[in-house]
Amino acid sequence: MVSGNDMGRQATAALPDAGAPLAIELRGISKAFGPVQANKDISIQVKRGSIHGIIGENGAGKSTLMSILYGFYKADAGEILIGGKLTAIPDSQSAIRAGIGMVFQHFKLVQNFTVLENVILGAEDGGLLRPSLAKARRVLADLSREYGLDVNPDALIEDLSVGHQQRVEILKALYRQADILILDEPTGVLTPAEADHLFRILKGLKDQGKTIILITHKLREIMEITDTVSVMRRGQMTATVKTAETSPEQLAELMVGRKVLLQVEKRAATPGKVVLEVENLSVRDENKVERLKGVSLTIRAGEILGIAGVAGNGQSELLEVLGGIARGTGTIRLNGVELDLTGKHSDGQSRRAQGIAHVPEDRQHLGMIMDFAAWENVAFGYHHAPEYQKNALFMDNDALRADTEKKMARFDVRPPNPLLAAKNFSGGNQQKIIVAREIERNPDLLLIGQPTRGVDIGAIEFIHKQIVALRDAGKAILLVSVELDEIMSLSDRIAVMFDGQIMGIRDPATTDERDLGLMMAGVAGKAA
Amino acid sequence: MDRLPKWADVALVPLISLLLAAFFSAMVLLAIGQSPVEAFNVMVDGALGSAYGWGYTLYYATSFMFTGLAVTVAFHAGLFNIGGEGQAQIGGLGVALVCLALPWPHWTLALLAASLGAAAFGAAWAAIPAYLQAKRGSHIVITTIMFNYIAAAVIVYLLVDVLRPAGQMDPATARFPEGAKLPSLSDIPGLRELFLRVDSSGMPILGADGLQTYQNVPANVTLLIALAACYVVWLLLWRTRLGYQIRAFGKSEAAAKYAGINPVRITMITMLISGGLAGLMSINNVMGEAERLLQNSSEGAGFIGIAVALMGRNHPLGVFLAAILFGFLYQGGAELGLWTSIPIELRIVVQGLVILFTGALDQMVRMLLRWAFSFRTARVA
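Residue numbers (UniProt numbering), protein chains in the order written: chain A, 1 to 528; chain B, 1 to 381.
Laid out in structure tokens, this is it:
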């Protein structure tokens, strides 16, 4: 290795087989944004024809590192070697020329172009499209044969499933003759079956000699598919290990810097009386499209009902109508009392008054005002609460700040500064503020959507504990998550949603991911 | 990523913007063969150099405070109220109707009633665009601009055909009764000393009954109401539940809906307050100065209010300071036309440059400063 200013880390970072050719080598990469050191002296070696995972919490510096590799940022210090050659990557065109392809978390596809048109976009051979398209059609046919990447070249992107769109992104990179493929959180939007298919494709690519860098926060994926894995924490590379020689527990500890409980500890549920009854609930969106199609379910006191499903199958609408954000038709009863679904009492204030608390899926757009200070966000939705009022006219800002300080202490929010704007907290701490605000109202029903999206592992553990504690206090909880692991480990019963309907309800003890995955894809019928 | 220190954001950015505006104004003056130094002296002397000039500066500033606050309140709810001009004119109609309705026994009663009239009429004029925005999604920028034209036309019609006393030639209402005459600042004990007449050596002139002051200084008791309004708006926005809801709604409508804040209600209430503030401006000019309702009574103050709010960072304290600056520009600019060969239109150029730099190009200054500060922090780190 190079410039040995940090021997301990260098030792763990270097473990290629002697003589194996390297696809990529990073040496001492550093990058600062103002006072924030996003990447600090990072060195990695990735062997040709391997799958290398990079894992770390949000804000650990994974994305910055990949952005440097793809030419979006310029490193303050350090060198990049591609195939053993020192390479400068000032922009993404240079990255492509160097054989690097990137598949972003949010696809960069033109929705109303065909697959072919998207593939040649930016890589046209001349002023006329026809020759490029013909060439792309040939190349695509070859690629599909070689790697099992089947996509209809004439289909419009908007007509393709998310899994197929991702394949188009991979094809785009391969068409540009990428030898090194970087995938940023590729499975976030996929069903388990689609994720399996993606992994098969990636293994095929690897067998053909391609090098793959997989960025993820899911330990299971790292264990399943990678050959080596690098762990990042706070801008630094804490370890690089062979996947076969490590365990999820060890990786989690390396990510967080302390021991982490991966499995949620909870005792068996003791469901009481029915708290929530939903019958034949339907919701239409602004374009009059029916997003929720006659859903019925019940939740008892002391029970967590988990809703599994790929994002966009009606889960959001279910939360919104229960939380008083959207309007719907059908019947909802809370503790036997029917709720107003369309009238004056169908708003969020009425729902809160009736004992429903809501941790929304999209915390930054719905759950808080990012420019407001933490203490102002603690009153958000509860700004009518009597304890926050000084008199009929004025709010009691002092009481609010004091209450925020207490909540921050109880929920271990860092930094514990009520005056700091919400946007300056990390995702996990933002979520803790919201969860504290909602849970401490002691609601009869807690709606909680994507409780740990963009939340670091340490905070996940904490938030899961709070949810279970609320259940054990005899409250009903509706949990919506696209993370199947989360649904499986927290729920007492699991309902799977597909296309606005409930495909079936399962006991987590007797079901498995395959069964749920089939229902999430709309395959298994309601018969089960 | 990099942020400016708060003091730089609040003080340095407007200061640099102003200096840039001054620099380019000087360039324009040089280009037309005039001396920027002379122009600057005339402006300062005319606006601040005498009690007379001071009186006008404060008079204009009073109007701009109201219209600036009107824009500020709406802005915090994410609404851009361009209709201050029309709301102020219709507010003037409210003032005129109140003042002409009774032979007012004392100005305090008249002021109270006229304030209510001004606010109610201004608010009513803002209510229609607000309703169209809240219920039908018609963009409030467009509708408030259109309502400015409608207001002007309505006022002309009323002045020509309805309110003009028989036999009067010009389109205006009758003069308000004596009991509705507001005291000028030079009539108010404690403040009158600000408006002393001085001789050429700067010494106060002694009259028969003590020190002499300017009579009929246009700045009037409305200034005190404007100052109170600044404070009340600050209380409203940052201390009340309504202000909390207004600000939350302005930052994110989706989040406001999650919190159970009713978008229609907040839009309506905010625009009523905003229109009411714009309407209140007419106390200053219609009741305090003209003492009758004329055409185009607001004289562009509604639009200046947008610049004042922009420059004042939509904070009442900033609005107060920016209003005084614009009062200075207005009065100083008028003096230019009187005492120099510089055309009076130049004041519009100067105001335009100030608006351009403090409002529209504000981000440019901010960007440059952020760049400059990033060097400093880099060196520290």
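Positions of the beta carbon are idealized from the N, C-alpha and C atoms, including for glycine.
Here the structure is a predicted model, which is why all the values come from computation and not from measurement.
The beta-carbon separation of Pro-451 of chain A and Tyr-258 of chain B, rounded to 16 angstroms, does not stay under the 8 angstroms limit for a contact. Considering only A:Ala-195, A:Pro-90, A:Glu-317, the residue with the shortest C-alpha distance to Ser-282 of chain A is A:Glu-317. The three-state secondary structure of Val-468 of chain A, taken from DSSP, is helix.
For Gln-245 of chain B, the chain A residues whose Cβ falls inside 7 angstroms of its Cβ are His-383, in order along the chain. Below 8 angstroms, too few C-beta pairs join the segment 318-333 of chain B and the segment 94-105 of chain B to call them touching: fewer than three. Close to Arg-313 of chain B, with beta-carbon spacing below 9 angstroms, lies no residue of chain A; the smallest spacing is near 14 angstroms.
The segment 171-189 of chain A makes contact with the segment 206-215 of chain A, as at least three CB pairs between them are under 8 angstroms. Bounds of the beta strand (DSSP E) holding His-358 of chain A are 356-359. For Gln-363 of chain B, the secondary structure class from DSSP, reduced to helix, strand or coil, is helix. Taking 8 angstroms as the Cβ-Cβ cut-off, the segment 20-50 of chain A approaches chain B at Ala-32, Phe-33, Gly-34, Pro-35, Val-36, given in chain order. Here DSSP, grouped into helix, strand and coil, assigns Asn-58 of chain A to coil.
Residues Ala-38, Asn-39, Met-232, Gly-235 of the same chain have their beta carbon placed closer than 6 angstroms to that of Gly-61 of chain A, with the five preceding and five following residues left out of the count. With contacts defined as CB atoms closer than 8 angstroms, Glu-194 of chain A and Gly-163 of chain A qualify as a contacting pair. With contacts defined as CB atoms closer than 8 angstroms, Ser-274 of chain B and Ala-74 of chain B qualify as a contacting pair.
Bounds of any alpha helix (DSSP H) do not take in Gly-122 of chain A, whose DSSP letter is neither H nor E.
According to DSSP, Phe-498 of chain A shares a beta bridge with A:Gln-501. A direct Cα-to-Cα measurement between Pro-248 of chain A and Ala-98 of chain A gives close to 33 angstroms.
By the C-beta criterion, the segment 64-80 of chain B is judged to be in contact with the segment 306-313 of chain B, since at least 3 inter-stretch pairs fall below 8 angstroms. Interface residue (Cβ-Cβ distance to chain B less than 8 angstroms): Ile-213 of chain A is not classified as such. Rounded to the nearest whole angstrom, the CA to CA distance from Gln-212 of chain B to Leu-196 of chain B is 6 angstroms. Going by beta carbons, Phe-320 of chain B and Met-65 of chain B fall inside the 8 angstroms limit.
At least one CB atom of chain A sits nearer than 8 angstroms to the CB of Thr-240 of chain B. For Ile-369 of chain A, the chain B residues whose Cβ falls inside 7 angstroms of its Cβ are Ala-248, Lys-251, Ser-252, Ala-255, in order along the chain.
Against Ser-138 of chain B, chain A offers no close residue; the least beta-carbon distance is about 17 angstroms (beta-carbon pairs closer than 7 angstroms). Judged by their CB atoms, Gly-28 of chain A and Gly-78 of chain A are nearer to each other than the 8 angstroms cut-off.
Interface annotation for the segment 148-162 of chain B against chain A: empty, criterion Cβ-Cβ distance under 9 angstroms. From the beta-carbon of Ile-325 of chain A, the residues of chain B found nearer than 7 angstroms are Lys-257, Tyr-258. Within the segment 383-462 of chain A, the complete alpha helix (DSSP H) segments of 4 residues or longer fall at 397-410, 427-439, listed in chain order.
In summary, Arg-130 of chain A is exposed, with fewer than 16 beta-carbon neighbours lying within 10 Å of its beta-carbon over all protein chains present.
By the Cβ neighbour-count rule, Gln-89 of chain B is buried, with 16 or more other Cβ atoms within 10 Å of its own.
For the 8 angstroms CB-CB criterion, Ser-25 of chain B and Leu-353 of chain B form a contact. Proximity of Gln-349 of chain A to chain B, defined by a Cβ-Cβ separation below 8 angstroms, is satisfied. Under DSSP, Ile-182 of chain A takes part in a beta bridge, and its partners are A:Met-102, A:Ile-213. By the criterion of a C-beta distance shorter than 8 angstroms, Ser-63 of chain A is surrounded in its chain by Asp-184, Ile-215, once the five residues flanking it on both sides are discounted.
Inclusion of His-345 of chain A and Arg-241 of chain B in the CB contact set at 8 angstroms is not warranted, their separation being larger than that value.
In the structure shown, the three-state DSSP call for Leu-202 of chain A is helix.
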